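Colleague:
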């Protein structure tokens, strides 16, 4: 498995977490509340935790290639929801 985590600075972490989970909930297996969420893709799992000043996002995938792709998908979707703040800062590690 290949894993990476980003801590995305934003005061709206809970809002964006919920928007993203609701959006993906139409097509994917999703569970969430106002503080944490999990999205299950075919070959990856994204977990998010909302803090006061940042959204923590972890991608766990079957390969580095899939992880890189999902990182991009997460970042582009969050930037759309956070258009007033976009582009958000994603420092994947």
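In the numbering used here, the protein residues as written are -8 to 84. Glycine residues also receive a C-beta, built at the ideal position from the N, C-alpha and C atoms. Small disclaimer: the values here were computed from a predicted structure and weren't measured.
(1) To test your reading of the DSSP string, which unbroken beta strand (DSSP E) runs of 3 or more residues are found completely within the segment 20 to 49?
(2) Quick one: measure Cβ to Cβ for residue 69 and residue -1, integer angstroms, because I've assumed they're closer than 8 Å.
(3) Residue -7 and residue 55: beta carbons closer than 7 Å?
(4) Quick one: is residue 80 buried, meaning 16 or more other Cβ sit within 10 Å of its Cβ, or exposed?
(5) Evaluate residue 35 with the Cβ neighbour count: other Cβ atoms within 10 Å of its Cβ, from every protein chain shown; 16 or more gives buried, anything less gives exposed.
(6) Please say whether residue 46 and residue 30 have beta carbons closer to each other than 7 Å?
Modeller: Short version:
(1) As summarised for the segment 20 to 49, the continuous beta strand (DSSP E) elements at least 3 residues long and confined to that stretch are 20 to 23, 27 to 31, 35 to 41, given in chain order.
(2) One-based indexing of the chain shown puts residue 69 at position 78. One-based indexing of the chain shown puts residue -1 at position 8. Rounded, the Cβ-Cβ distance is 7 Å, consistent with contact.
(3) Locating residue -7 in the chain shown gives position 2, counting from the first residue. Locating residue 55 in the chain shown gives position 64, counting from the first residue. Residue 55 is positioned such that its CB atom lies closer than 7 Å to that of residue -7.
(4) Looking up residue 80 in the chain shown gives position 89. Of the residues assessed, residue 80 falls on the exposed side of the cut-off, its CB having fewer than 16 other CB atoms within 10 angstroms.
(5) In the chain shown, the residue the question calls residue 35 occupies position 44. Answer is buried; the Cβ neighbour count reaches 16.
(6) Taking the chain shown and counting its residues from 1, one reaches residue 30 at position 39. Taking the chain shown and counting its residues from 1, one reaches residue 46 at position 55. Against a cut-off of 7 Å, the Cβ pair of residue 46 and residue 30 comes out as no contact.
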